[in-house]
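So the protein lines, in turn, are chains A and B.
Quick note on numbering: numbering that gives the first Met the number 0 labels position 248 of the first sequence as 247, and the sequence is numbered without any gaps.
Quick note on numbering: numbering that gives the first Met the number 0 labels position 45 of the second sequence as 44, and the sequence is numbered without any gaps.
Ideal Cβ positions, reconstructed from N, Cα and C, are used throughout, including at glycine.
The model shown is predicted, which means the values in this text are computed figures rather than measured ones.
Working notes, structure below.
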Amino acid sequence: MLLRATQLSLEFVSENDRVSILKGIDLCVAPGELVGLVGESGSGKSTTARAALGLYGDEADITGSVRIDDIEVVGADARTLRDIRANHVALVQQDPRGALNPVRRIGDSLAERLVKVHGLRRDEADRRIVALLTAVGLSNPELRMRQYPHELSGGMLQRVVIAAALSTNPKLLLADEATSALDVTTQAEIIAIFQREMRDRNLGMLFITHDLHLAGAICDRIYVLRRGVVVETLQRPGLFREARHEYTRALIDAAPVLRKEVAR
Amino acid sequence: MTALLTPHKRVKRRRTSAVGYWISLGFLVLVVFAAAVGPLVAPHDATEIDFKAIWSGPSGRHWFGTDQLGRDLFSRLVIGTGETLIGPIVLLALATLIGVTLGVFAAWCGGWIDTVLARITDVMFAFPGLLFVVLVIAVFGKGPITAVIALALAYAPVIAKYTRSLALSEIARPYVDAYRVQGMGGVGICVRAIVPNLTPALLGYLVVLFGETLMSLATLSYLGFGAQPPSSEWGLMVQEGQAGIIQGHFLPTLVPGAAIALVVIAVNIVGVRVADRLLAKG
């Protein structure tokens, strides 16, 4: 199993307060599997991803277990965490513009980690990046590598970020609202890239979104999260038709749909 | 209505400040030129004593007059420019190195390290800077190098606090998380990503601080803790000229004093504008 969270709980602690964010989450992602994690704002979707990457420090009290590629993340030391992050998992964030260092060229941003963390030579790193940028459908990759993030559009930057995520050949991809900031056309293109790369690399992916219908269209399995609790797990085939929990039903009903006679 | 008026106001304000900006900039260019080639262009030597012209007024031979030893004030001023300007620059470089390191380190680590560093900088804040410097000089002896190092230590907490607040908001940005998730180490992220992103705001602040440090160093020299005779550092010139005031000779103090004031004002005018520009960009 690439990602397995067992009874994952998280509380934010301050001097005189404890706020419980996650209450015993169980979820798993297998290789080649596209798993959705859906829920409203504040339900703990992103917190789950960040906790799985060990991004929280003293401010969070985490119990339970998260294993990535069978390595325990909860309570892992800094060296183990760096190894997991560098070699096993990659994160695609919601805002691609924020996810890139604004003062560095695209090529430098992408090559930096390959050279510094993975010990590649710069020309090897550059070759790999050009290939990846081409693979994610970015035109004229040599030019893009010389440009700064502010010179590219949101859709182009999201492709860059995906290329960056794939550049170290991770086995697990965490996509945190990775397509939410994009327009529908670009969103469809990015999803297609995700699906192709997953097939080619046998990647496992945790797709975090508030868009239940998008998740329903592409995911193999969906966890519905509400206030830090997985209230329902929907499995393909069936998905929404099998939805029993009132919260899931409410979410499905809350989405605006064209009336049937119009749609047909 | 207010929204309609604002742009007009801004344009007007900009035009008036632009004149001051260009005058200040021109003046600073002159000063830097004097600092670079001062000893070559000065009409007299800084230590050339002329007992026939003690405390003489401005004339064709001595443009700004002479001091109590008959030394040419204009030449001393021009030759002293280099020493007067290099001090604050070295001081700021040192203070920035210490301050930025501490500030970024505190912001990155957070927790008890941040708290400890914050308390230390608080103590340094509460303790008067000049008094601290006098204390250091009392222990390590007077001289320009001690003065610069002591002042650098006094200014470091100011820069550390400013850097920390900038770094905190920078660290919260998603690209830092992206770096962490890529397996980059903390030091690498700080040096390669955070510090370069802080540079514009920091530079703007440093330019403004420059005027302040120049004053501080001149003050120390005036008190006799900084530059030592026969140097023609401006603060020292003011102090040496003091004796003449009782006898009605104001030029030996007025000339270097005005030079200090003008440079500080010019640096601040230019600095505020440069800081605005850099901040707007960043």
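Rounded to whole angstroms, the gap between the alpha carbons of residue 120(A) and residue 128(A) is 12 Å. Sequence-distant Cβ neighbours of residue 104(A) in its own chain, meaning closer than 7 Å and more than five residues away, are 144, 145, 146, 147. Contiguous alpha helix (DSSP H) elements confined to the segment 40–73 of chain A occur at 44–51, taking only those with 4 or more residues.
Within the segment 63–85 of chain A, the residues whose Cβ lies closer than 9 Å to some Cβ of chain B are 77, 80, 81, 82, 83, 84, 85, listed in chain order. Two segments are said to touch when three or more pairs of C-beta atoms, one from each, lie closer than 8 Å; by this definition the segment 22–29 of chain A does not touch the segment 77–87 of chain A. Spatial neighbours of residue 220(A) in its own chain (CB-CB distance under 6 Å, excluding positions within 5 residues in sequence) are listed in chain order as 34, 234. In the DSSP secondary-structure assignment, residue 3(A) is bridged to 27(A), 66(A).
Closer than 8 Å to the CB of residue 98(A) there is at least one CB belonging to chain B. Ranked by Cα distance from residue 61(B), the first of 255(B), 169(B), 73(B), 51(B) is 73(B). For the C-beta of residue 116(A), the chain B residues within less than 9 Å are, from N- to C-terminus, 181, 182, 183, 184, 187.
Counting C-beta atoms within 10 angstroms of its own C-beta, residue 62(A) has fewer than 16 neighbours from the protein chains shown and is therefore classed as exposed. In the DSSP annotation of this structure, the continuous segment of the beta strand (DSSP E) that includes residue 206(A) starts and ends at 203–208.
With a 10 Å radius around the Cβ and a threshold of 16 neighbouring Cβ atoms, residue 143(B) comes out buried.
Across the set 182(B), 158(B), 127(B), 19(B), the C-alpha of 158(B) shows the shortest separation from the C-alpha of residue 208(B).
When secondary structure is reduced to three states using DSSP, residue 35(A) falls in the strand class. By the CB criterion at 8 Å, residue 37(A) and residue 223(A) fall inside the cutoff. Residue pairing by DSSP places residue 222(A) opposite 36(A), 232(A) in a beta bridge. Close CB contacts of residue 153(A) within its chain, under the 8 Å cut and outside five residues either way in sequence, are with 95, 96, 180, 181, 185 (chain order).
Of 92(A), 189(A), 214(A), 59(A), the smallest CA-CA separation from residue 181(B) is found for 92(A). Beta-bridge partners assigned by DSSP to residue 89(A): 172(A). For the options 175(A), 252(A), 139(A), the alpha carbon positioned closest to that of residue 208(A) is the one of 175(A).
Per DSSP, the continuous alpha helix (DSSP H) segment holding residue 204(B) begins and ends at 194–222.
When only Cα atoms are considered, residue 268(B) and residue 244(B) end up about 31 Å apart.
Taking a cut-off of 8 Å on C-beta distances, the segment 164–182 of chain B does not touch the segment 61–70 of chain B, as fewer than three cross pairs fall below it. In the displayed model, residue 22(A) falls within a strand according to three-state DSSP. Fully enclosed alpha helix (DSSP H) runs of no fewer than 4 residues occupy 105–115, 121–134, 140–145 of the segment 99–157 of chain A, in order along the chain.
Scanning 3(A), 161(A), 12(A), 46(A) for the CA closest to the CA of residue 226(A) turns up 46(A). Around the CB of residue 24(A), 16 or more other CB atoms lie within 10 Å, so the residue is classed as buried. Taking 8 Å as the cut-off, the beta carbon of residue 50(A) is found closer than this to the beta carbon of residue 9(A).
Taking 8 Å as the CB threshold, residue 219(A) stays off the interface with chain B.
Under a 10 Å Cβ-count criterion, residue 142(A) is classified as exposed, with fewer than 16 other Cβ atoms of the shown protein chains found around its own Cβ. Taking CB atoms only, residue 70(B) has no neighbour in chain A less than 8 Å away. Check the Cα spacing between residue 155(A) and each of 42(A), 98(A), 196(A): the tightest is with 98(A).
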